[in-house]
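**Q** Read in full-length UniProt numbering, the sequence shown has 75 at position 75, and its numbers run on one by one without any break.
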Amino acid sequence: MHKHTFSDILNPPNTFYINFLYFYYTHIIMILTTIFNFYIIFYGKNKYINFFILYISEVNFIKGELYKWIVLKLKKEVLS
Numbered sequence: 001m002h003k004h005t006f007s008d009i010l011n012p013p014n015t016f017y018i019n020f021l022y023f024y025y026t027h028i029i030m031i032l033t034t035i036f037n038f039y040i041i042f043y044g045k046n047k048y049i050n051f052f053i054l055y056i057s058e059v060n061f062i063k064g065e066l067y068k069w070i071v072l073k074l075k076k077e078v079l080s
């Protein structure tokens, strides 16, 4: 039985791990950051700073998604 380690996320033993782990981890992070962002917007002191923080975090998430997609494409091309 294969033990799950953090390195599996970076170098998964097979494609099921790639698809499942990336999907699972990014969506948990996205949900947590969304909750945190709304908390900041509604309970923070300065509304403009709050929306700026929200914008930055959303842009970073989209960049992370793009990076992940490129890495998966490269992995598939290398494997095939």
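Cβ coordinates follow ideal geometry from the N, Cα and C atoms, glycine included. Since this is a predicted model, take the numbers as computed values, not measurements.
#1: On a Cα-Cα basis, can you pick out the residue from Phe51, Lys68, Lys75 and Phe36 that is closest to Tyr25?
#2: Do you know how far the Cα of Ile35 is from the Cα of Ile28?
#3: What's the gap between the Cα of Tyr39 and the Cα of Asn60?
#4: Roughly how many angstroms separate the alpha carbons of Ile31 and Leu66, rounded to a whole number?
**A** A quick look at the data gives this:
#1: Lys68
#2: 11 Å
#3: 18 Å
#4: 18 Å
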